[in-house]
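These notes are about the structure you will find just below.
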Amino acid sequence: MKALTIKNFKTAPVFSQDVPEPTTDETFDTLIDVLAAPIENFDKANAAGRHYSSTYWHPAFPSIPGASGIGRRVDNGKLVAFPARTLKPQFGSYAQRTVANSKLLLEIPENTDLYSSTAAASSLLTSVAPLKFSLDIQPGDTVLINGATGFAGQLAIQVAKSLGASEIIGTGRNPERLAGLKALGATQTISLAKDDKTIMQNLDNLSVKGNLIILDYLWGHPIELILHAIIPNSLAMKRATTLVSIGSIAGSEISLPSKAIRTSGLQIIGMQTPKVMANQHAVYKAVWDLINSGKIKSDVKTISLEEAATQIDWQKPVPSGVRTVIKL
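Using the numbering used here, the letters of the sequence shown correspond one by one to residues 99 to 426.
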């Protein structure tokens, strides 16, 4: 079969036409003909050995990258979506056929827009999972999306709006995309292209209602500024503040002031929590309920397997604001 494969963690995926087809086992019991698969930063990092789960996904070589997508079950022809952790390690979605755990598959409507839905599904997980399942956001709370001009960040604004957030704050560097965030649901925006003093002044002037949830797609220096800005100037504990670490495109290390934790009630969690892991199917269903509602807008580009091998820079982050989907 046709597929992208990696021979090690140092070289980019290559296109092959004679890759052996996957086989089922007790856990991964369902063969799937892949129709569409997104290229995420997660997939790139795994293929390059930079992610902590790289050796889980690629326990031996050659190995096929790709953690999620949409396809048809070989056994009954039904159209299904498969999120990350559904597929058998070493047999990813960048191939004509993959193999999955049937318990985690989600049947989707036949009229689904394959490519925009594939692009949105994995990225929507990054905001739906923490807001709806880990933290159970309440109407009237405030959500700050750090890195809102990126593809997942733009979706996160729409998710926060759908869940009733009172204030939705978006940060980012791209001026055109930043200007477009309010049309998606943002109530306030902050440019990260300014100098630190101006950014801090803008952060200090934000309107925050209810509890504060920070969805952070950047880490690095931008989140350092935000963590300094949340330090209160009194002993009053006005709200709970939760920082959800999702991405680290601005740097993997930060300086964390202890008083930001002591005085603001700050809690830091990852996107994956026990609540999310225990409710994987429900989380993914919530994502698809949003997709099927028709309220989610996203910018998508499609390419073939052959083009993915030659046109994608596998060492760089995915382009901001748009998602590329492999069309099979």
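Where a beta carbon is used, it is the ideal one built from N, C-alpha and C, also for glycine.
For residue j and residue i, the rounded distance between their alpha carbons
i	j	result
residue 283	residue 106	43 Å
residue 197	residue 204	14 Å
residue 227	residue 152	22 Å
residue 451	residue 121	The structure shown does not extend to residue 451, since the chain spans only 99 to 426, so no value can be given for it.
residue 157	residue 141	15 Å
residue 172	residue 191	15 Å
residue 296	residue 326	14 Å
residue 247	residue 115	37 Å
residue 189	residue 300	47 Å
residue 383	residue 222	11 Å
residue 224	residue 252	11 Å
residue 311	residue 263	10 Å
residue 237	residue 254	16 Å
residue 148	residue 345	13 Å
residue 357	residue 229	25 Å
residue 404	residue 412	14 Å
residue 402	residue 352	38 Å
residue 256	residue 179	21 Å
residue 208	residue 381	21 Å
residue 174	residue 108	39 Å
residue 294	residue 278	23 Å
residue 389	residue 408	31 Å
residue 307	residue 421	32 Å
Nonlocal neighbours in the same chain, by C-beta distance under 6 Å from residue i, ignoring five residues either side
i	result
residue 343	314 and 368
residue 347	316 and 415
residue 318	348 and 349
residue 271	290 and 291
residue 75	The displayed coordinates of the chain run from 99 to 426. Any statement about residue 75 would go beyond what the structure contains.
Of the residues the options, the one placed nearest residue i, counting alpha carbons only
i	options	result
residue 419	275, 131, 257 and 157	275
residue 143	421, 221 and 416	416
residue 45	175, 410 and 363	Given that the chain is displayed from residue 99 to residue 426, the structure contains no residue 45 and the question cannot be resolved.
residue 124	236, 139, 176 and 201	201
residue 362	340, 380 and 353	340
residue 245	307, 294 and 320	320
residue 243	406, 260, 268 and 253	268
residue 167	131, 174, 156 and 175	131
residue 336	382, 364, 425 and 384	364
residue 426	400, 413 and 408	400
residue 110	145, 421 and 126	145
residue 360	350, 338, 346 and 375	338
residue 440	215, 108 and 292	Given that the chain is displayed from residue 99 to residue 426, the structure contains no residue 440 and the question cannot be resolved.
residue 289	281, 279 and 273	273
residue 371	255, 403 and 234	234
residue 199	379, 398 and 394	379
residue 260	298, 271, 241 and 278	241
residue 398	294, 250 and 278	250
Distance between beta carbons of residue j and residue i, contact taken as under 8 Å
i	j	result
residue 133	residue 169	5 Å
residue 239	residue 303	Not really, about 19 Å apart at Cβ, beyond 8 Å.
residue 218	residue 391	Not really, about 12 Å apart at Cβ, beyond 8 Å.
residue 423	residue 135	7 Å
residue 210	residue 185	Contact flag wrong, Cβ pair sits at about 19 Å.
residue 377	residue 231	6 Å
residue 154	residue 187	6 Å
residue 406	residue 137	7 Å
Residues near residue i in its chain [Cβ-Cβ closer than 8 Å; skip 5 each side]
i	result
residue 117	99, 100, 101, 103, 160, 162 and 193
residue 292	300
residue 280	287
residue 220	136, 138, 140, 165, 166, 181 and 182
residue 355	325, 326 and 329
residue 373	231 and 232
residue 298	323, 326 and 327
residue 393	256 and 260
Spatial neighbours of residue i in its chain, beta-carbon cut-off 7 Å, leaving aside the 5 residues before and after
i	result
residue 305	265 and 286
residue 195	99, 119, 120, 129, 130, 131 and 132
residue 480	Absent from the structure is residue 480, since the part of the chain shown begins at 99 and ends at 426.
residue 375	none
Chain C within 8 Å of residue i, Cβ atoms only
i	result
residue 369	The structure shown contains no chain C, having only a single protein chain.
Enumerate, from N- to C-terminal direction, the unbroken alpha helix (DSSP H) stretches of 4 or more residues contained entirely within the stretch 294-334.
Within the stretch 294-334, the complete alpha helix (DSSP H) runs of at least 4 residues are 294-302 and 318-327.
What residue ranges within the stretch 190-252 form continuous beta strand (DSSP E) runs of no fewer than 3 residues, ordered along the chain?
Taking 3 residues as the shortest admissible run, the stretch 190-252 contains the following complete beta strand (DSSP E) segments, listed from N- to C-terminal end: 195-198 and 240-244.
Would you mind listing the beta strand (DSSP E) stretches within the stretch 100-155 that are 3+ residues and don't spill past its ends, in chain order?
Qualifying beta strand (DSSP E) stretches, in chain order: 101-103, 112-114 and 128-136.
Can you list the alpha helix (DSSP H) stretches of 4 or more residues lying completely in the stretch 335-362, in chain order?
Here the runs fully enclosed are 356-362.
Can you list, in chain order, the stretches of the alpha helix (DSSP H) that have 4 or more residues and sit fully within the stretch 245-291?
Runs of the alpha helix (DSSP H) lying entirely within the stretch 245-291, each at least 4 residues long, are 249-260, 273-277 and 279-282 in chain order.
Ordered list of beta strand (DSSP E) runs contained in the stretch 390-420, each at least 3 residues:
With a minimum length of 3 residues, the continuous beta strand (DSSP E) runs that stay inside the stretch 390-420 are 398-401.
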